[in-house]
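Chemist: One structure follows; several queries about it will come next.
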Amino acid sequence: MALTAHDIQRTAKLARLGLTETETESTLEKLNAVLELIDHMQTVETEGVAPMSHPLDLTQTLRADAVTESNQREKLQAIAPAATDGLYLVPRVVE
Amino acid sequence: MSDLTQHTLLELQSQLQSGAISSVELTSTFLARIERLNPTLNAFITVTESQALAQAQAADAARAAGTAGPLTGLPIAHKDLFCTDGVLTSCASKMLSNFVAPYDAHVVRACQEAGMVMLGKLNMDEFAMGSSNENSFYGPVKNPWDLKRVPGGSSGGSAAAVAASMTPIATGTDTGGSIRQPAAFTGTSGLKPTYGRVSRFGMVAYASSLDQGGLIGKSAADLALGLGVIAGHDPRDSTSADQPVPDYTATLTDSIQGLKIGLPDAFFDERLDARMQARMEAVMDAYRALGAELVPVKLPHVAEAIPAYYVIAPAEASANLSRFDGVRYGHRADSPADLTDLYERSRGEGFSSEVKRRILIGTYALSEGYFDAYYKKAQQIRRLIQQDFTHAFTECDLLLSPTTPSTAFQIGAKSDDPVAMYLEDIYTVATNLAGLPGGCFPSGLVDGLPTGYQLTGPAFSEARLLNAAHQLQQTTDWHLATPEEITHV
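So the sequence lines, in the order shown, correspond to chains A and B.
So for the first sequence, the working numbering puts the first residue at 0; every next one is plus one.
So for the second sequence, the working numbering puts the first residue at 141; every next one is plus one.
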């Protein structure tokens, strides 16, 4: 099933990914080629096969409920594109 | 004294230990070579010259004080995907082109604690997405064997730097073949350890259930020495395996008489170039001469590894790369109108088209109505592939296959055709889906270009895999071939 420009725009919106019109066009052609490759999967019989999400049969490890991180706010915010008074700056979201 | 840069890590180790050379001398020699060759090869994004010399001085002081460890003073360079405290960690992306990491990755810290000297950070495909190293914000890496050809990817800078003797060893990462394929294209030895063997802490994530850090070096023995440093349990990575780390160098000299090596029929298919097939025959003969027994095995589902991989890896990438939002670090668009505009433009400007494609594939595969047809189906095929390997390893100890269908291709040959590029990983991705260790080792030249063969083993069989590769390197000289000196620079 081939994608349309509308599908690309909808998916880009879900991914919060800005695409120009030219990009949408070239992306459409390439993604359809990739989907054609991926569709080979449909020829494999997988009825009753348990999906495998991870290569290791590990159970989630637990640790003591103790503080392990030190406060590094200044160091971490020093690399932020816009931060002031210990806060990250974003455009106004609540009027 | 012969050119120090041509020596293996083990040879340099013995020269440091005997006092024949100092770490400062060694480090300066490599830095000079990097300065001379990097403008041509573009293997390094950042050269950390002053830090390297300071670390080398500290290493020499430790040796003088009698506190040096086995790797103290030996140089290494890291793929620019491992976070380095205070040093640019770009992942070869515009998105992180201003990101000076605030902490060290486990692998970086482990090398530092072992006393190793970091020469710098290596070029790669952006966010490790690519098989040619053409997809870098910092420009393509050139293959030292032929400057018109790609070094492979995504760890192309690591492979080119080792092949050109700009560093004796380098770290890399492998999600679908990103250590093994560039090792094959550059005549170097590369190891992708078992998933969970090396902590992913501080590695910029691409596909978390597939990513694994490893090494590219000049020999299997060098990889054994390096793996001992970076392997081991790390509570900061919840998928890090709590398994003992053996001395990988201790078993290198074991005999491989009677070792059963499986030849998976699916990997000797019509895609494999006839002269590559001849190189594989030579490898098989060399293993037979060492007493190994070669047996045919079947991996019925690996033909579907590429389609399944190109659903699972982009799906995980779409989730992992959602963290790049222009707020906490990385690229931020100018004068955003509102929060959505900030996200969309920061990401639209910061990611290249290949990264965008993978985010879009992943988002699409995970979106409502398509999940079962794509993501669930891919995970079921992943299970079938893992079962194939489990079954094959009841009949043999290791699997032998080609690493790539052909030698390094020309720069630009596949850069506009993602499907052709994805098929580059045809022999390598299944190993990642199953979480197994895989190595690539040189198997001689075709038309003056390197080829590599691949060994795959059961989980946590790195010692046996490196032992087999080392034994072959004792009776063959393919790993000793080096590109002609690059003189016209």
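Quick reminder that beta carbons are idealized off the backbone N, C-alpha and C, glycines included.
Closer than 8 Å by C-beta to A548(B): which residues in its own chain qualify, once you throw out the five before and the five after it? Chain order, please.
Modeler: For the purposes of this step, residue 548(B) is identified with residue 408 of the second sequence, where counting begins at 1. Closer than 8 Å at Cβ, skipping near neighbours: N283, W285, D286, R289, V290, P291, G292, F325, T326, L589 and P590.
Chemist: Would you say P598(B) lies against chain A (beta-carbon separation less than 9 Å)?
Modeler: Working through the second sequence from its first residue, we reach residue 598(B) at position 458. No, no contact with chain A.
Chemist: Using the Cα positions of L149(B) and V451(B), report the straight-line distance between them to the nearest angstrom.
Modeler: To locate residue 149(B), count along the second sequence from 1; it is residue 9. To locate residue 451(B), count along the second sequence from 1; it is residue 311. Their backbone Cα atoms lie some 39 Å apart in a straight line.
Chemist: So for F239(B), helix, strand or coil by DSSP?
Modeler: Translated into positions along the second sequence, residue 239(B) becomes position 99. Note: F239(B) maps to coil in three-state DSSP.
Chemist: For T534(B), is the classification buried or exposed, using 16 other Cβ atoms within 10 angstroms of its Cβ as the cut-off for buried?
Modeler: As a first step, residue 534(B) must be located in the second sequence, where it is residue number 394. Under this definition T534(B) is an exposed residue.
Chemist: Closest to F529(B) by CA distance: which of L403(B), G336(B), S380(B) and P623(B) is it?
Modeler: The residue you call residue 529(B) lines up with position 389 of the second sequence. It is L403(B) whose Cα lies nearest to the Cα of F529(B).
Chemist: Here's a check: name, in chain order, each residue in its chain whose Cβ is nearer than 6 Å to the Cβ of A81(A), leaving out the five neighbours to either side.
Modeler: In the first sequence, residue 81(A) corresponds to position 82, counting from 1. Answer for A81(A): L88, listed in chain order.
Chemist: Since P558(B) meets chain A, which of its residues come closer than 8 Å, beta carbon to beta carbon?
Modeler: Reading the second sequence from its first residue, position 418 is the one you call residue 558(B). The answer, in chain order, is K29, A32 and V33.
Chemist: How many angstroms separate the CA atom of S493(B) from the CA atom of R419(B)?
Modeler: Walking along the second sequence from the start, residue 493(B) turns up at place 353. Walking along the second sequence from the start, residue 419(B) turns up at place 279. Whole-angstrom Cα-Cα distance: 36 Å.
Chemist: DSSP state of N178(B), grouped into three classes?
Modeler: Locating residue 178(B) in the second sequence gives position 38, where the first residue counts as 1. The answer is helix: DSSP assigns N178(B) an H, G or I state.
Chemist: Would you call T21(A) buried or exposed, if buried means 16 or more other Cβ atoms sit within 10 Å of its Cβ?
Modeler: Counting from 1 along the first sequence, the entry for residue 21(A) is found at position 22. The residue is exposed, with fewer than 16 neighbouring Cβ atoms inside 10 Å.
Chemist: In the DSSP output, which residue or residues are listed as bridge partners for E433(B)?
Modeler: The residue given as residue 433(B) occupies position 293 in the second sequence. Per DSSP, K400(B).
Chemist: Looking at chain A, is there any beta carbon in it that lies within less than 9 Å of the beta carbon of H471(B)?
Modeler: As a working note, residue 471(B) is residue 331 in the second sequence. Yes - at least one Cβ of chain A is within 9 Å of the one on H471(B).
Chemist: Can a CB atom of chain B be found closer than 9 Å to the CB of V92(A)?
Modeler: The residue labelled residue 92(A) in the question sits at position 93 within the first sequence. V92(A) counts as touching chain B.
Chemist: Sort C580(B), S359(B), G270(B) and C251(B) by Cα distance to D617(B) and report the nearest one.
Modeler: Within the second sequence, residue 617(B) is the residue found at index 477, counting from 1. Out of C580(B), S359(B), G270(B) and C251(B), S359(B) has the C-alpha closest to the C-alpha of D617(B).
Chemist: Buried or exposed for P454(B), please, with buried defined as at least 16 other CB atoms from any protein chain shown within 10 angstroms of its CB.
Modeler: Along the second sequence, one-based indexing puts residue 454(B) at 314. P454(B) comes out buried.
Chemist: Suppose the cutoff is 6 Å on Cβ atoms and the five residues either side in sequence are ignored; what does the same chain contact list for H373(B) look like?
Modeler: Here residue 373(B) corresponds to residue number 233 of the second sequence, with the count starting at 1. Taken in chain order, the residues that qualify are S380 and D382.
Chemist: What's the C-alpha gap between P386(B) and G368(B)?
Modeler: As a first step, residue 386(B) must be located in the second sequence, where it is residue number 246. As a first step, residue 368(B) must be located in the second sequence, where it is residue number 228. Answer to the nearest angstrom: the Cα atoms are 8 Å apart.
Chemist: May I ask you to check if the CB of D382(B) is nearer than 8 Å to at least one heavy atom of the ligand MN?
Modeler: For the ligand MN, the structure offers nothing, since it holds no ligand at all.
Chemist: Assign T3(A) to buried or exposed, taking buried as 16 or more other Cβ atoms, counted over all protein chains shown, within 10 Å of its Cβ.
Modeler: As a position in the first sequence, residue 3(A) is number 4, starting the count at 1. That one is exposed.
Chemist: Quick check on T19(A): does DSSP put it in helix, strand or coil?
Modeler: Translated into the one-based positions of the first sequence, residue 19(A) becomes position 20. If DSSP states are grouped into helix, strand and coil, T19(A) belongs with coil.
Chemist: How would you write the range of the alpha helix (DSSP H) that G213(B) sits in, first residue to last?
Modeler: If you number the second sequence from 1, residue 213(B) lands on position 73. Premise fails: G213(B) is in no alpha helix (DSSP H) and is neither H nor E.
Chemist: Using a Cβ-Cβ cutoff of less than 6 Å, which residues in the same chain neighbour G502(B) once the five nearest sequence positions on both sides are dropped?
Modeler: To locate residue 502(B), count along the second sequence from 1; it is residue 362. The answer, listed in chain order, is P454, A455, A457 and S458.
Chemist: Do you know whose CA, among R468(B), A202(B) and Q191(B), lies nearest V257(B)'s CA?
Modeler: Reading the second sequence from its first residue, position 117 is the one you call residue 257(B). Comparing Cα positions, the closest option is Q191(B).
Chemist: I believe G579(B) touches A609(B) by the beta-carbon criterion, under 8 Å. Please report the beta-carbon distance rounded to the nearest angstrom.
Modeler: Taking the second sequence and counting its residues from 1, one reaches residue 579(B) at position 439. Taking the second sequence and counting its residues from 1, one reaches residue 609(B) at position 469. About 6 Å; that satisfies the 8 Å criterion.
Chemist: Would you please state the rounded distance, in angstroms, between the beta carbons of D220(B) and K261(B)? I believe it to be under 8 Å.
Modeler: As a first step, residue 220(B) is located in the second sequence; it is residue number 80 there, counting from the start. As a first step, residue 261(B) is located in the second sequence; it is residue number 121 there, counting from the start. Contact flag correct, Cβ pair sits at about 4 Å.
Chemist: Considering only the beta carbon of each residue, do T328(B) and G296(B) sit closer than 9 Å?
Modeler: Taking the first residue of the second sequence as 1, we reach residue 328(B) at position 188. Taking the first residue of the second sequence as 1, we reach residue 296(B) at position 156. Taking 9 Å as the Cβ cut-off, T328(B) and G296(B) do not qualify as a contacting pair.
Chemist: When the Cα atoms are used, what is the spatial distance from V48(A) to D413(B)?
Modeler: If you number the first sequence from 1, residue 48(A) lands on position 49. If you number the second sequence from 1, residue 413(B) lands on position 273. If I take the Cα positions, the gap works out to 35 Å.
Chemist: By how many angstroms is the C-alpha of D377(B) removed from the C-alpha of S1(A)?
Modeler: Here residue 1(A) is taken as the residue at index 2 of the first sequence, counted from 1. Here residue 377(B) is taken as the residue at index 237 of the second sequence, counted from 1. The question names Ser, yet the displayed sequence has Ala at residue 1(A). Computed Cα separation, rounded: 39 Å.
Chemist: Between A1(A) and chain B, is there a C-beta pair that is closer than 9 Å?
Modeler: Position 2 of the first sequence, counting from 1, holds the residue named residue 1(A). No, A1(A) lies away from the interface with chain B (no Cβ there is under 9 Å from its Cβ).
Chemist: Using a C-beta cutoff of 9 Å, does T83(A) count as contacting chain B?
Modeler: Position 84 of the first sequence holds residue 83(A). Output row for T83(A): interface = no.
Chemist: Is N70(A) buried or exposed, if buried means 16 or more other CB atoms sit within 10 Å of its CB?
Modeler: One-based indexing of the first sequence puts residue 70(A) at position 71. Flag for N70(A) reads exposed.
Chemist: Let me make sure I understand the geometry here. Which of P375(B), Y504(B) and G354(B) has the alpha-carbon closest to that of A63(A)?
Modeler: Position 64 of the first sequence, counted from the first residue, corresponds to residue 63(A). Taking only the C-alpha atoms, the option nearest A63(A) is P375(B).
Chemist: Pairs of beta-carbons, one from the segment 428-444 of chain B and one from the segment 197-214 of chain B, closer than 8 Å: are there three or more?
Modeler: Touching, no.
Chemist: Since T212(B) and A199(B) should fall inside the 8 Å C-beta cutoff, what is the C-beta to C-beta distance between them, to a whole number of angstroms?
Modeler: Taking the first residue of the second sequence as 1, we reach residue 212(B) at position 72. Taking the first residue of the second sequence as 1, we reach residue 199(B) at position 59. About 5 Å; that satisfies the 8 Å criterion.
Chemist: List the residues of chain A whose Cβ lies closer than 7 Å to the Cβ of D474(B), in chain order.
Modeler: Numbered from 1 along the second sequence, position 334 holds the residue referred to as residue 474(B). By Cβ distance, chain A contributes nothing, its closest Cβ being about 10 Å from D474(B), past 7 Å.
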